[in-house]
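Participant: Residue 27 in the numbering used here sits at position 4 of the sequence shown, with consecutive numbering throughout.
The beta carbon of each residue, even a glycine, is placed where N, CA and C say it ideally should be.
Quick caveat: nothing in here was measured; it's all calculated off a predicted structure.
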Amino acid sequence: MAKGVIKVHLDYLRSFCRVVKVKSITKASGELHLSQPALSQQINSLENKFRTKLLERSNRGVTLTR
């Protein structure tokens, strides 16, 4: 594998895109037929792989980091 290449699950990226689109992990989890903890774990896995925070979380939902 090429140096600097990060392997991620395509399903995790699709889930991340859905979360961003609906601005809610809870709402996205329902649409994706996943439990909220499972979807949160997928997002956390992506954040760990990319070594950066991808979403700002609040009780009002989520937004992309800048």
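Taking 8 Å as the cut-off, decide whether the C-beta atoms of T88 and K72 are in contact.
Facilitator: For the purposes of this step, residue 88 is taken as the residue at position 65 of the sequence shown. For the purposes of this step, residue 72 is taken as the residue at position 49 of the sequence shown. It is not a contact, given that the beta carbons lie outside the stated cut-off.
Participant: Let me know the secondary structure DSSP gives L77 once reduced to three states.
Facilitator: Counting from one through the sequence shown, the residue named residue 77 turns up at place 54. Of the three classes helix, strand and coil, the one that applies to L77 here is coil, per DSSP.
Participant: Rounded to whole angstroms, what is the Cα-Cα separation between N82 and V45?
Facilitator: Position 59 of the sequence shown, counted from the start, is the residue given in the question as residue 82. Position 22 of the sequence shown, counted from the start, is the residue given in the question as residue 45. Their Cα atoms are separated by approximately 14 Å.
Participant: In terms of DSSP beta bridges, what is L87 paired with?
Facilitator: On the sequence shown, position 64 is the one that residue 87 refers to. Its beta-bridge partners are L78.
Participant: Between S58 and the ligand FMN, is there a pair consisting of the residue's CB and a ligand heavy atom that are separated by less than 7 Å?
Facilitator: You won't find the ligand FMN in this model; it holds no ligand whatsoever.
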